[in-house]
Amino acid sequence: PRGLIGLLLAVILSAAMSSTASELNALGSTTAIDLYKRNRPGRTEKQYMNASKWFTMLWGVIAIMVASVANLFENLIELVNIIGSIFYGNVLGIFLLAFFVKYVKSKATFVAALITQVIVIIVWYIDIMPYLWLNLFGCALVMGLALLLQVSMGSKNVVK
1038 PRGLIGLLLA VILSAAMSST ASELNALGST TAIDLYKRNR PGRTEKQYMN ASKWFTMLWG
1098 VIAIMVASVA NLFENLIELV NIIGSIFYGN VLGIFLLAFF VKYVKSKATF VAALITQVIV
1158 IIVWYIDIMP YLWLNLFGCA LVMGLALLLQ VSMGSKNVVK
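With the working numbering applied, the sequence shown has no gaps in its numbers, which climb one by one up to 1197 at the end.
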């Protein structure tokens, strides 16, 4: 029947827009509550609502930017793996430090994580190793740097 294809297309686009809108709103409200509200206490609810709207728009712009460069990669799975490999090793190293190495404290871990993230991005950019190995590299590097930094800072902050 005439118009059925248009109706079907409208249904598909509506479903896609609905899920995208909910994801962007979740990101915006989470950013507003967890970051903005925590660092800017004492604001009115209207100010927090406006901040949430601005953060939603910011996340939308970030999503558009990622979508704009996604065609530079062979496929979307590769892009997701590259982004994950750049950041997940650092996160895993921080988790392992917190779980297994009580000697290393937060200041050394934070500085080591920042240094590691910069090094991992540089290693990925100049293509020294395959991107899937960046997970292991980042994990080992953040743990090693945090241990070295904690030793160099001394053990006066360590609770025994």
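Using N, Cα and C, we set each Cβ at its ideal position, and we do this for glycine too.
Being a predicted model, the structure only gives us computed values, none of them experimental.
Asked                                                                                                                                                                   : Found
Can you say whether I1131 is buried or exposed, counting buried as having 16 or more other CB atoms within 10 angstroms of its CB?                                      : buried
Enumerate in chain order the residues of its own chain whose CB-to-CB distance from V1196 is below 7 Å, with the five nearest sequence positions on each side excluded. : A caution first: V1196 carries a pLDDT of 48, below 50, which makes its placement in the model too unreliable to give a value.
Do the region 1101-1109 and the region 1077-1088 touch if we need at least three Cβ pairs shorter than 8 Å?                                                             : no
Residue range of the alpha helix (DSSP H) that R1190 falls in?                                                                                                          : It should be pointed out that residue 1190 corresponds to Met in this sequence rather than to Arg. Taken as a continuous stretch (DSSP letters only), the alpha helix (DSSP H) holding M1190 covers L1171 to M1190.
Could you tell me how far apart the beta carbons of N1127 and Q1154 are, in whole angstroms, since I believe they sit closer than 8 Å?                                  : 5 Å
What does the alpha-carbon distance come out to for the pair L1061 and A1100?                                                                                           : 9 Å
Does DSSP classify K1197 as helix, strand or coil?                                                                                                                      : Only weak support exists for where K1197 lies, its pLDDT of 47 falling under 50; the value from the coordinates is given anyway. In this structure, K1197 counts as coil in the three-state DSSP scheme.
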